[in-house]
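Structure first, commentary second.
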Amino acid sequence: MSDNLFGIHAKTLQVRALRMDVLASNIANAATPNYKARDIDFSKALALAERGQSAESAISYRVPLQPSLDGNTVEMVTEQTAFAENALAYRSSLAFLNGRIGTLSRALKGE
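Just so you know, the sequence shown maps onto residues 0 to 110 in numbering that gives the first Met the number 0.
Have a look at this one:
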């Protein structure tokens, strides 16, 4: 039923939240030796989520532009940029859903 009411935005919000967790983990482990940065292929994850499958299978390791000597592949500029971009997209989907819920609420109240 939520698919009919909220369209793609409900699934998008779930995938964006998962990506935020992955990116936050990368940032938190920026100083951990041999930590391998990961990211999500958003299009693949969304397609999987639409089919009812786990979006986690769209997570893959990121190839660093400049590897560090300790084997850590987190590049803070890349992570922070991806995190900010994802946060903006998350807020956009959330704003759409809030608007949709408001519209449905007003319709149910007969306003």
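The beta carbon of each residue, even a glycine, is placed where N, CA and C say it ideally should be.
- Task: May I have a chain-ordered list of the alpha helix (DSSP H) segments no shorter than 4 residues that lie completely inside the stretch 12-63?
- Result: 41-49
- Spatial distance of A30 from Q13 (CA atoms): 28 Å
- Query: What residue range is occupied by the uninterrupted alpha helix (DSSP H) comprising V76?
  - Reply: M75 to K108
- Message: I'd like to know whether the C-beta atoms of I39 and A54 end up nearer to each other than 9 Å.
- Response: yes
- Should I26 and Q79 be called a contact, given that it needs their Cβ atoms to be closer than 9 Å? yes
- Query: With burial defined as no fewer than 16 other Cβ atoms inside 10 Å of the residue's Cβ, what is the status of K108: buried or exposed?
  - Reply: exposed
- Item | Exposure label - S92; buried when at least 16 CB within 10 Å | buried
- Message: Give me, in chain order, the residues of the same chain whose beta-carbon lies closer than 8 Å to that of A48; leave out the 5 immediate sequence neighbours on both sides.
- Response: K10, Q13, V14 and A54
- Task: Could you pull out every residue in the same chain whose Cβ sits closer than 8 Å to the Cβ of F82, ignoring the five residues on either side in sequence?
- Result: M19, L22, A23 and I26
- C-alpha distance - A57 paired with E110, whole-angstrom precision: 43 Å
- Item | Any non-hydrogen atom of the ligand NAP within 8 Å of L4 CB | For the ligand NAP, the structure offers nothing, since it holds no ligand at all.
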